[in-house]
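Visitor:
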Amino acid sequence: MALTNNQHVLDWVAEMEALMTPDATIWIDGSEGQLRALREEAFRTGEMTELNQEKLPGCVLHHTAKNDVARVEDRTFICTKNKEDAAPINNWMETSEMKAKLLPLYKGCMKGRIMYVIPYCMGPVGSPFSKVGIEVTDSIYVVLNMDIMTRVGVGALRQLGDSNDFVRGQHAKADIDAENRYIVQFPEENAIWSINSGYGGNVLLGKKCFALRIASYQGKKEGWMAEHMLILGIEGPDGDTKYITAAFPSACGKTNLAMLIPPEIYAKQGYKVWTVGDDIAWMHIGEDGRLYAINPENGFFGVAPGTNEKSNPNALHTTMKGTIFTNVAHNLDDNTVWWEGLDKNPPENAQEWTGVPVNGKEYVANGGKLAHPNSRFTAPAENCPCLSKEFNNPNGVPVTAMVFGGRRAKTAPLVYQSFNWEHGVYVGSAMASETTAAATGAVGVVRRDPMAMRPFCGYNMGDYFAHWLEMGKKLGDKAPKIFHVNWFRTDDEGHFIWPGFGDNMRVLMWMLARCEGKVDAVETPIGYVPKAEDINIEGLDGITLDTVKGLLDVDKNLWLEDVKGVEELYDMIGSRVPAELRKQLSDLRDRLSK
Ligand code: GTP
Ligand code: SPV
Ligand code: MN
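Per the working numbering, the very first residue in the sequence shown carries number 477; after that it's consecutive.
(1) Is the number of C-beta pairs between the stretch 1029-1041 and the stretch 980-996 that are closer than 8 Å three or more?
(2) At what residues does the beta strand (DSSP E) containing Val832 begin and finish?
(3) So, under 8 Å CB-CB, Val536 and Ile800 are touching, yes? Tell me the CB distance rounded to an integer number of Å.
(4) Excluding the 5 residues preceding and the 5 following Ala826 in the sequence, name in chain order all residues of the same chain whose CB lies nearer than 7 Å to its CB.
(5) Within 7 Å: the Cβ of Ile728 and any heavy atom of the ligand GTP?
(6) When you compare the CB positions of Met496 and Gly584, do they come within less than 8 Å of one another, or not?
(7) Determine the direct distance from the alpha carbon of Arg884 to that of Ala962, and round the result to whole angstroms.
(8) For the stretch 658-665 and the stretch 551-566, state whether three or more C-beta atom pairs, one from each stretch, are separated by less than 8 Å.
(9) In the DSSP assignment, the beta strand (DSSP E) including Gly917 goes from what residue to what residue?
(10) Any chance the CB of Asp979 is under 7 Å from a heavy atom of the ligand MN?
(11) For the alpha helix (DSSP H) containing Leu1045, name the first residue and the last one.
(12) Is the Cβ-Cβ distance between Gly817 and Pro781 less than 8 Å?
(13) Asn803: beta carbon under 7 Å from a heavy atom of the ligand GTP?
(14) Measuring straight from C-alpha to C-alpha, what distance separates Trp1035 and Tyr675?
(15) Hey, is Ala691's beta-carbon within less than 8 Å of any beta-carbon in chain C?
(16) Asn790 and Cys860 look like a contact to me (Cβ under 8 Å); what is the Cβ gap, rounded to whole Å?
(17) Can you give the Cα-Cα distance for Gly602 and Asn868, rounded to whole angstroms?
(18) Cβ-heavy atom distance between Lys423 and the ligand SPV below 7 Å?
(19) Is Phe519 closer than 8 Å to Glu530 when the C-beta atoms are compared?
(20) With which residues is Asn807 paired in a DSSP beta bridge?
(21) For the stretch 669-702, list the alpha helix (DSSP H) runs that are entirely contained and at least 4 residues long, ordered along the chain.
(22) Below 8 Å, can you find three or more Cβ-Cβ pairs linking the stretch 871-890 to the stretch 755-771?
(23) Under 8 Å by Cβ, that's how I've got Pro889 and Val660 pegged, so tell me the actual separation to the nearest angstrom.
(24) Give the DSSP bridge partners of Leu579, in chain order.
(25) Are the stretch 545-552 and the stretch 628-639 touching, with three or more C-beta to C-beta distances below 8 Å?
(26) Looking only at DSSP bridge pairs, what is Cys555 linked to?
(27) To which residues does DSSP link Ser909 through a beta bridge?
(28) Using a threshold of 7 Å, is the CB atom of Asp755 nearer than that to any non-hydrogen atom of the ligand MN?
(29) If you measure between the beta carbons of Thr812 and Leu532, is that distance less than 8 Å?
(30) Could you give the DSSP three-state label for Gly509: helix, strand or coil?
(31) What do you reckon, is the C-beta of Gly917 under 7 Å from a heavy atom of the ligand SPV?
(32) Let me check one thing: in DSSP terms, what residues is Ser1056 bridge-paired to?
(33) Indicate the three-state DSSP secondary structure (helix, strand or coil) for Cys991 in the structure shown.
(34) Ignoring anything shorter than 4 residues or poking outside the stretch 949-1019, list the alpha helix (DSSP H) runs there in chain order.
(35) Could you tell me the boundaries of the alpha helix (DSSP H) in which Ile483 lies?
(36) Based on Cα-Cα distance, which residue from Leu681, Thr795, Lys683 lies nearest to Met735?
In structure tokens:
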């Protein structure tokens, strides 16, 4: 039975039924009873496996198809009427042309299947900054993931009321045919079409497709920002909390930073870290003129490999109940899960992520992996031991500092601060990182990834840079300070020099001191770099003042090379790159050449 009288919603759902001809339609109300029935159904068909309910209550395991394990950037499109409004960074096709191409794939594709209608709210229900989407799908896996990642059901419909302002998301697994896989955004029509995938970011349409690609376009039109950023709060001994947002590319440390455990030196003084979000921030200018961030999501779709009791105990704890594990290994001895980096004991009696039974030790000895490198957990935010009490604050949290970062074996120092907002926008636009398993394609190749938004910006990248500059003008002297970090510098043997994880707080503390005007810095051609002695290394094994000096070193020749890469990016984006950023680039080159 339909859950709403909203005629716009009803008409669209009827249109979806006519197009895909499911045997039945089920509206998802978000009730526990309905979700339980869907879980049971998924166990019955083998779509999901129920895990050990004593050790992992409410947890389930799912394997995707082998050809369907990550976002597919080459098959992701932004469709607009005019090419320049989406291209050249995005794949583009004209709106009606793309629809004509995809409609035959959708036609009748749910015959013999059930269509689930998922009303969901991005952001706390009741917040003026939240937005509603409706996703139709033939996948129970999608329904159960959306239920964790967003606010699903009647609350979302209440938020929508009679309005036509909702994002229409149509997902169908079809044949999971990689050759006909498409993830398509139509920002001008608030619509998303996804077909032939069953994996994460391709199909949980509230996440990357809506909350970044569509929302970034909405933000440009409406004067706010949708960013690939975590949001965390650092509470000082006086009880005052300062909020930081940070944009790192996929699988470059957002979840880990958002949930960090303060090192002993800070913990004993009474510092605490709180998580508001681990992947996406929507930011608006508040009544006081400052920038405020909400997390539109309601859960974490986090990278499993590398998550362990030492690196991220908060994340590990978060996944102990009510969690969906995707493409991790199955420990058959006790019906639990395992992934590389969980501990040093791969289960011997196990199934690797593809579902093939293996002898774990042999398999690992053969250099293989039991869990897919992009295997993930979908866990409710409310499980997180360090969840901020502001998580559901409809107005969000005020942002003191913004951070950009990536994986750079060389070039980028541990941390530096931009000279001002405009230079900070340049720093974000110039971001680069070594690619990871979060998207299909080669891993470890340096590519430019402006603001960590290359795969997620729903419009022309030059216009996006201009929007950042525009926001800075509106914020004026209330704008957050902008920093850049790199946790991933390596030594000659290729080992990470900086310990990372919880110890990254040492760098965040320098940033906050800078924001409060409590610490000096060294002015270099690329920005303000800390004096080595101002990064607190007390209690760190094997890290000396000289190590820090090395981590902070700015090699002018490497930087001049890097500037060339930025120039190539700008040339590729073309005429819509703001003149201010071209000027920033040439000024940087001049400073480096001196
Ligand atoms: P998405 O969910 O894809 O957007 O990724 P994310 O940015 O949230 O990345 P996540 O925090 O899940 O980290 C991904 C990988 O980076 C994991 O394998 C982590 O173990 C590793 N990692 C995270 N933080 C650090 C760090 O400070 N140092 C090092 N060396 N590795 C890190
Ligand atoms: C990312 O790739 O940045 C993710 C995972 O956060 S996905 O939802 O698949 O995009
Ligand atoms: Mn992400």
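We treat Cβ as the ideally placed atom computed from N, Cα and C, and that holds for glycine.
Guide: On the basis of the supplied data:
(1) No contact exists between the stretch 1029-1041 and the stretch 980-996.
(2) No beta strand (DSSP E) holds Val832; DSSP gives it neither H nor E.
(3) Indeed they touch by this definition, with Cβ atoms about 5 Å apart.
(4) Close CB contacts of Ala826 within its chain, under the 7 Å cut and outside five residues either way in sequence, are with Ala805, His806, Asn807, Leu808, Trp814, Val834, Gly836, Leu846 (chain order).
(5) Reading the sequence as shown, one finds Cys at residue 728 and not Ile. Yes.
(6) Yes, they are a contact pair.
(7) This sequence places Asn at residue 962; Ala is not what is there. For Asn962 and Arg884, the distance between alpha carbons rounds to 7 Å.
(8) With a cut-off of 8 Å, the stretch 551-566 and the stretch 658-665 count as touching, because enough Cβ pairs lie within range.
(9) Premise fails: Gly917 is in no beta strand (DSSP E) and is neither H nor E.
(10) It does not: the Cβ of Asp979 is nowhere closer than 7 Å to a heavy atom of the ligand MN.
(11) It spans 1032-1049 - the alpha helix (DSSP H) in which Leu1045 sits, taken as one unbroken run.
(12) Taking C-beta atoms as the reference points, Gly817 and Pro781 count as a pair closer than 8 Å.
(13) No - the ligand GTP has no heavy atom lying nearer than 7 Å to the Cβ of Asn803.
(14) About 38 Å.
(15) This model lacks chain C altogether; it includes just one protein chain.
(16) Rounded, the Cβ-Cβ distance is 6 Å, consistent with contact.
(17) Between Gly602 and Asn868, the C-alpha separation is close to 10 Å.
(18) Examination of residue 423 is not possible in this model, given that the chain is present from 477 through 1070 alone.
(19) No; because the gap between Cβ atoms is not below 8 Å, this pair is not in contact.
(20) Paired residue(s): Thr812, Ala826.
(21) If we require 4 residues or more, the alpha helix (DSSP H) runs fully inside the stretch 669-702 come out as 676-679, 691-698.
(22) Contact between the stretch 871-890 and the stretch 755-771 is present, because at least three Cβ pairs lie under 8 Å.
(23) With 8 Å as the limit, Pro889 and Val660 do not qualify as a contact, their Cβ atoms being about 39 Å apart.
(24) Bridge partners of Leu579: none, in fact.
(25) The stretch 545-552 makes no contact with the stretch 628-639: fewer than 3 CB pairs, one atom from each, lie closer than 8 Å.
(26) Cys555 pairs with Met569.
(27) Within the DSSP bridge table, the entry for Ser909 names Arg923 as partners.
(28) Yes, the Cβ of Asp755 comes within 7 Å of a heavy atom of the ligand MN.
(29) Yes, the Cβ-Cβ distance between Thr812 and Leu532 is below 8 Å.
(30) Per DSSP, reduced to three states, the secondary structure at Gly509 is helical.
(31) Closer than 7 Å to some heavy atom of the ligand SPV: that does not describe the Cβ of Gly917.
(32) Checking the sequence shown, residue 1056 turns out to be Glu, not Ser. According to DSSP, which records beta bridges pairwise, Glu1056 is partnered with nothing at all.
(33) For Cys991, the three-state secondary structure derived from DSSP is helix.
(34) Qualifying alpha helix (DSSP H) stretches, in chain order: 981-991.
(35) What sits at residue 483 in the sequence shown is Gln, not Ile. 483-496 is the span of the alpha helix (DSSP H), which, as asked, contains Gln483.
(36) Distance check between Met735 and each of Leu681, Thr795, Lys683 places Thr795 closest, using alpha-carbon atoms only.
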